[in-house]
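Numbering (the numbering used here), first residue to last: -8 to 198.
Using N, Cα and C, we set each Cβ at its ideal position, and we do this for glycine too.
Because the structure is a prediction, the values reported are computed rather than measured.
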């Protein structure tokens, strides 16, 4: 038995060592590829970004004039309204899922700071809209849903938006619109997308 055991162990050690070396090599190759791509992106010429799909705040349709009797919530609404009004004067772009390297490849490194600024404004915008809708939902469900559906139309990946809409649709017996929420997820395979899918699956099991 021992005579057969020693060669077997030797072979296992050799295979393990080979795989470890291979994995290290692949890791080095991957890191090098990333570094090469980043280096090349830094030499991309500056492109015109004036024609990108900037998001405009629909001040004429958002229910920003809503008032609530509860003082604390009314104060929150005032804060959300002010943020939205401020953002309406700033450039916003939905750049969800686009890395800095990809942005530099497409538009040049000279535009990265401005594009990041636009992306940050967008992120703050959809977070503020979600909080605003959550705040008014109990008293104004129809208006809240309108805000959340608008968020979907501009590509939000805020899980709370999908959560509240999903519960609203199913509690209203609207399974069709609930199922459409899965199709609205901007990047289903991303971490945020998977969180949303788990939330929707959980809600679906509750009803």
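Check the Cα spacing between residue 46 and each of 157, 197, 109: the tightest is with 109. Contact between the stretch 160 to 171 and the stretch 68 to 75 is absent, with fewer than three C-beta pairs closer than 8 Å. Here the C-alpha atom of residue 44 lies approximately 15 Å from the C-alpha atom of residue 107.
When rounded, the separation of the alpha-carbon atoms in residue 120 and residue 22 is 39 Å. Taking the C-beta atoms as reference points, residue 118 is found nearer than 8 Å to residue 149.
By the C-beta criterion, the stretch 86 to 97 is judged to be in contact with the stretch 31 to 40, since at least 3 inter-stretch pairs fall below 8 Å.
DSSP, read as helix, strand or coil, puts residue 100 in helix.
Using a C-beta cut-off of 8 Å, the stretch 75 to 83 makes no contact with the stretch 171 to 178, since fewer than three inter-stretch Cβ pairs fall below that distance. Taking C-beta atoms under 8 Å as the contact rule, residue 59 and residue 72 fail to qualify, at a distance of about 12 Å. Each of 49, 192, 26 was checked against the Cα of residue 158, and the nearest Cα belongs to 192. Sequence-distant partners of residue 33 (beyond 5 residues in either direction) whose C-beta falls short of 6 Å from its own C-beta, in its chain, are 100. Sequence-distant Cβ neighbours of residue 198 in its own chain, meaning closer than 8 Å and more than five residues away, are 161, 162.
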